[in-house]
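Residue numbers (the numbering used here), protein chains in the order written: chain G, 11 to 314; chain Y, 11 to 314; chain W, 982 to 1225; chain X, 982 to 1225. A virtual CB, placed ideally from N, CA and C, is assigned to each residue, including glycine. Only a predicted model underlies this, so the values are computations on that prediction, with no experimental measurement involved.
This is the structure:
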């Protein structure tokens, strides 16, 4: 029986499958289907310093390869997350989570980190500089390396937990971005947030989503993200968490082979709430098939 | 009954569906299935000044949203295309085609254009500065606006036919690229060539494709390409030919609504050789449903 | 508890222009209350389709849906024996009052189905029920047989005859009855304005997951942001803000 | 002429570890020559799966395939009555000599099926046929009944017994017979080296379209670049370069 645990910046998690921010709420919504303690960690809904209502409806569109969303960081604000939500979360989940934080200024990120970093349920901070669905924030920081580095440094200065940066495929030079982040002290990278996309209504020709564009996720982007991970892996020393279109245990293995130390899963769990436990059930069988005893040995297998 | 014809740089074609370069050979391979004269034009296999064998096998990988290829511009060279292939093509196809040309230096493109531009079957030149599967050429010109403009100017100087530039989504700033090309005299844009992608073999963890990466095409990239067309359309005056994941008549209409004057189709025709005639059969019914008499009125409908 | 069920199709038929009735086979009564919904996996489509519940019998889940796009078009072509992966029951249902009362059910178009199940349940609980349904035209009428069989008081309004369901309510002088409504947003809005202060509305929204995780269907209410799929689809009138 | 056919599955069965036999119903004999192939649309998969033809009867197309990945795994789960969209016949087949001769059919593993159809056709045309098939082990043997029924001379080689099919050919002194071969590349390469100068090999390749448009399966030959799906899959020995 294979060993599924992986280590992310000194903290061990019992398997490499991490439900992604925005696709798992705060864990509660999956309780009807499976015990969320089966996952070694998950990333909470993107949190900002002030409460946000997010974008108007429609926020969701579909396409053959997955979906588009423009939820737009709906969340109750960092204080409410720490004081009201995380204590509830602790009742149902015993592991440590990634606190996904976003903002509209460097100060926003800094304050958000100050609030969430001390929480005992927070194992890692996930710096979301890649949300395509808010204006004047999110992705704006993720497309400019100077801005990204400035945000990271400000957050690192107030954090005790490892800081992972969730990057956007919209970054003009992703390799440079990742190297700059590593140099500035990032403890890890999450590759990638959603791709900017659009759907138009067939009858009217107008955008379906209230925010015009949305973030594309799902199996349709899998080989694009895989290529980016493969491209970045040899260029950095810090761990990469892969994220983009993973739906099966084989996808997890493929993404780890490209260089991911762990894998986030989003859309697959929205399409089928049982995806995550199914993958966790399949992974040991896959390891056996491949004759691998530690799943972490698969990371970067393409280069070995 | 709706009117399907569209005009591209002064030349009318009887419908806006153009089989894409590399997915239609020279038209001959579809003759078993339908009369290729049903399409108003198509784009011939990417042509280089010297014959090219292309990449070794495997050149094809699959994924849930479509496919990846690294064919690598296999072609018999511009002279053979003009002297041997185009005369054969004229026997089966009576319209004018897009001569897709690629190269490894500005001179390559220039010579290729000089050879193909005079051919009576060539209606447009399609400058392929976006092939992700060759080294030191193709996409290298499409990611740097200065290089792209230099290639375009050299080709424009030796051409009498309208020159369309097929861009790559790998361009760091696509809007700037398109504006630079327009200013440098491009007659139209083809948005977009394939996305760089990767698949790894499940058992070995190594790349499936001989060239490691390949170009991702098919429905999986449709909303990404749609967003790019929507982004570029208000920024240029020259016509945009949409290209990326179109599989149905509704996709054609959606892409035209985003700003495309015409639409190239590739992977759908490889998956089902009857895709193109099926779409052509469906389009008039769609126009009727939408109460539109000229399909060209749909171009940019999202902005109207 | 919400779960995934594999339910074979027993029958499917077109019951009005663009409207289909679908019967799924269940082992025992499907565990949903009136106003809850199910999310159907359509072959070839990524996201499930949320469908309200028309009725539940000992061994059947009865759904009614409108062909609105490609997903529902595929669904309408499915045959008896084919199995639908069904997620549900989802959301909160309507809440009937504890004491016997005279209740008004107000439905419009494809919003009428959940009110059939609700009306039956209300009758079972000893309430008096008046049903007001609005359709585009008489050809679009749904559930006339069912309403007749239930023996409730029912009335139809037709756009084609110049009367909508809210006008009908007013004409019949029923605007002070507690109402339970489902239909297009303009209808619900007008109803909340014209009707009793005691009302519940079931809303529709494009959904991602259907079970609360993606926050793709959240609306602003007087109780803050609420998910149509999870805290809804039924909201009491006083929390709705009508902003979206 | 190559065309798209909708062919119902008549039967499917596992005939060896990982190997399935699939019978499709056709109206009249499927119009393919030995060595041509079909490309099957698998539900849920983008690209078709190229499958060689084992036999053709008045109303059946008989295919044999190995479960090699997700696509063929889905195919192996399909049931009688389900319909497979079949593109074909594709490619050029084997070319049998005009005069009666003694012909050698050399197959390895899942490369053996097209040689069954070829052997039958060769017998019908009056040739003498010797069949040499190689498998991993006796448990993996395919087509023994068919070969017996045909009444041809046949011999099996097994990796597990330390002999491959080329060694078998040499042991039997058949290396000067014109050969028709299909199997793994190393087998074909060794056979071309050891066997007669007159030989034809059917190659396998990952394909995109299967009908020549995408150039996804081109190989370099002495006649220039050739598409396995279109100019192949059968190539005469002398044009093969063994570079890939």
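Mind checking if residue 92 of chain Y is an interface residue toward chain X, Cβ cutoff 9 Å exclusive?
Position 82 of the second chain, counted from the start, is the residue given in the question as residue 92 of chain Y. At a cut-off of 9 Å, the C-beta of residue 92 of chain Y has no neighbouring C-beta in chain X.
Just to confirm the assignment, what range does the alpha helix (DSSP H) spanning residue 10 of chain Y have?
Any answer about residue 10 of chain Y is impossible in this case: the structure gives chain Y only from 11 up to 314.
Does the beta-carbon of residue 994 of chain W have 16 or more other beta-carbons within 10 angstroms, so that it is buried, or is it exposed?
Stepping through the third chain from its first residue, residue 994 of chain W is reached at position 13. Looking at its Cβ environment, which holds fewer than 16 other Cβ atoms inside 10 Å, residue 994 of chain W is exposed.
Neighbour flag for residue 205 of chain Y against chain X, beta carbons, 9 Å:
Taking the first residue of the second chain as 1, we reach residue 205 of chain Y at position 195. It does not; no Cβ of chain X falls within 9 Å.
Measuring only the C-alpha atoms, how far is residue 1106 of chain X from residue 1016 of chain X?
In the fourth chain, the residue the question calls residue 1106 of chain X occupies position 125. In the fourth chain, the residue the question calls residue 1016 of chain X occupies position 35. Straight-line Cα distance between these residues: approximately 16 Å.
Tell me, please, whether the CB atom of residue 45 of chain G is closer than 9 Å to any CB atom in chain W?
For the purposes of this step, residue 45 of chain G is taken as the residue at position 35 of the first chain. The beta-carbon of residue 45 of chain G is placed no less than 9 Å from the nearest beta-carbon of chain W.
What are the start and end residues of each continuous alpha helix (DSSP H) run of 4 or more residues lying completely inside the stretch 160-223 of chain G, in chain order?
Annotation: the stretch 160-223 of chain G contains the following complete segments of the alpha helix (DSSP H) (minimum length 4 residues), in chain order: 184-193.
Looking at chain Y, is there any beta carbon in it that lies within less than 9 Å of the beta carbon of residue 1091 of chain X?
Counted from its first residue, the fourth chain places residue 1091 of chain X at position 110. Not an interface residue.
Is it the case that the Cβ atoms of residue 199 of chain G and residue 176 of chain G are separated by a distance below 9 Å?
Stepping through the first chain from its first residue, residue 199 of chain G is reached at position 189. Stepping through the first chain from its first residue, residue 176 of chain G is reached at position 166. Contact flag set, yes.
For residue 1218 of chain X, collect the residues of the same chain with a Cβ closer than 6 Å to its Cβ; drop the 5 residues on either side in sequence, then sort them by chain order.
On the fourth chain, residue 1218 of chain X is found 237 positions in, with the first residue counted as 1. Here the set comprises 1173, 1180.
Which residues share a DSSP beta bridge with residue 1160 of chain X?
Position 179 of the fourth chain holds residue 1160 of chain X. Answer is X/1085, X/1180, bridged to residue 1160 of chain X.
DSSP state of residue 1201 of chain W, grouped into three classes?
Working through the third chain from its first residue, we reach residue 1201 of chain W at position 220. In the structure shown, residue 1201 of chain W sits in a strand (DSSP, three-state: E or B).
If you compare alpha carbons, which of W/1001, W/1205, W/985, W/1191 is closest to residue 1090 of chain W?
In the third chain, residue 1090 of chain W corresponds to position 109, counting from 1. The option with the nearest alpha carbon to residue 1090 of chain W is W/1001.
Within a Cβ cutoff of 7 Å, which residues of the same chain sit near residue 81 of chain G, ignoring the five residues on either side of it in sequence?
Working through the first chain from its first residue, we reach residue 81 of chain G at position 71. Once the five neighbours on either side are set aside, the close Cβ partners of residue 81 of chain G are 32, 64, 65, 69, 143.
Could you tell me if residue 186 of chain Y is buried or exposed, where buried requires 16 or more neighbouring beta carbons within 10 angstroms of its beta carbon?
By 1-based counting over the second chain, the position of residue 186 of chain Y is 176. Looking at its Cβ environment, which holds fewer than 16 other Cβ atoms inside 10 Å, residue 186 of chain Y is exposed.
Would you say residue 277 of chain Y lies against chain X (beta-carbon separation less than 9 Å)?
Within the second chain, the letter at position 267 stands for residue 277 of chain Y. It does; some Cβ of chain X falls within 9 Å.
Reduced DSSP category for residue 103 of chain Y - H, G, I as helix; E, B as strand; rest coil:
Working through the second chain from its first residue, we reach residue 103 of chain Y at position 93. DSSP places residue 103 of chain Y in coil when its eight states are reduced to three.
On the criterion of 16 or more Cβ atoms from any shown chain inside 10 Å, does residue 303 of chain Y qualify as buried, or is it exposed?
Sequence index remark: in the second chain, residue 303 of chain Y carries index 293 (1-based). Exposed is the call here.
Does any heavy atom of the ligand MG sit closer than 8 Å to the C-beta of residue 1169 of chain W?
You won't find the ligand MG in this model; it holds no ligand whatsoever.
Could you list which residues in chain W have their beta carbon closer than 8 Å to that of residue 79 of chain G, in chain order?
Your numbering for residue 79 of chain G matches position 69 in the first chain. In chain order: 1189, 1195, 1197.
Going along the chain, which unbroken runs of the alpha helix (DSSP H) with 4 or more residues stay wholly within the stretch 63-138 of chain G?
If we require 4 residues or more, the alpha helix (DSSP H) runs fully inside the stretch 63-138 of chain G come out as 96-102, 116-126.
Counting only beta-carbon separations shorter than 9 Å, does residue 243 of chain G have a partner in chain Y?
Within the first chain, numbered from 1, the residue matching residue 243 of chain G stands at position 233. No, residue 243 of chain G lies away from the interface with chain Y (no Cβ there is under 9 Å from its Cβ).
Per-residue DSSP class, three states only, for residue 1225 of chain X
Position 244 of the fourth chain, counted from the start, is the residue given in the question as residue 1225 of chain X. Here residue 1225 of chain X scores only 49 on pLDDT, less than 50, and its place in the model is too uncertain to base an answer on.
Uninterrupted alpha helix (DSSP H) stretches inside the stretch 1072-1133 of chain X (no shorter than 4 residues):
1094-1105, 1125-1131
Which residues, in order along the stretch 61-72 of chain G, keep a beta-carbon less than 7 Å from a beta-carbon of chain W?
63, 64, 66, 67, 68, 69, 70, 72
Measure the Cβ-Cβ separation of residue 1139 of chain X and residue 1111 of chain X and say whether it is below 9 Å.
By one-based count along the fourth chain, residue 1139 of chain X stands at place 158. By one-based count along the fourth chain, residue 1111 of chain X stands at place 130. Contact flag unset, no.
Opposing strand residues paired with residue 1039 of chain W [DSSP bridges]
On the third chain, position 58 is the one that residue 1039 of chain W refers to. Paired residue(s): none; residue 1039 of chain W is not in a bridge.
For residue 238 of chain G, which option in G/74, G/184, G/274, G/272 has the closest C-alpha, if you only look at C-alpha atoms?
Your numbering for residue 238 of chain G matches position 228 in the first chain. Considering only alpha carbons, the answer is G/184.
Rounded C-alpha distance that separates residue 172 of chain Y from residue 984 of chain W:
Reading the second chain from its first residue, position 162 is the one you call residue 172 of chain Y. Reading the third chain from its first residue, position 3 is the one you call residue 984 of chain W. Each residue's alpha carbon lies about 59 Å from the other.
Does DSSP put residue 244 of chain Y in a helix, in a strand, or in coil?
Translated into positions along the second chain, residue 244 of chain Y becomes position 234. Reduced to three states, the DSSP call for residue 244 of chain Y is helix.
Find out if the Cβ-Cβ distance for the pair residue 169 of chain G, residue 108 of chain G is shorter than 9 Å.
Numbered from 1 along the first chain, position 159 holds the residue referred to as residue 169 of chain G. Numbered from 1 along the first chain, position 98 holds the residue referred to as residue 108 of chain G. Not in contact: residue 169 of chain G and residue 108 of chain G (Cβ atoms no closer than 9 Å).
So, does the CB of residue 1129 of chain W fall closer than 9 Å to a CB anywhere in chain G?
Translated into the one-based positions of the third chain, residue 1129 of chain W becomes position 148. No, residue 1129 of chain W does not count as interfacial toward chain G.
Any Cβ of chain X within less than 9 Å of the Cβ of residue 292 of chain Y?
To locate residue 292 of chain Y, count along the second chain from 1; it is residue 282. No, residue 292 of chain Y lies away from the interface with chain X (no Cβ there is under 9 Å from its Cβ).
Would you mind telling me which residues of chain G sit closer than 9 Å to residue 311 of chain Y, beta carbon to beta carbon, in chain order?
On the second chain, position 301 is the one that residue 311 of chain Y refers to. Result: 210, 214, 215, 216.
CB of residue 305 of chain Y within 9 Å of CB of residue 13 of chain Y, strictly
In the second chain, residue 305 of chain Y corresponds to position 295, counting from 1. In the second chain, residue 13 of chain Y corresponds to position 3, counting from 1. The answer is yes: Cβ separation under 9 Å.
For residue 59 of chain Y, decide whether its Cβ has a neighbour in chain G, counting only Cβ atoms nearer than 9 Å.
By 1-based counting over the second chain, the position of residue 59 of chain Y is 49. Answer no: the Cβ-Cβ gap between residue 59 of chain Y and chain G never drops below 9 Å.
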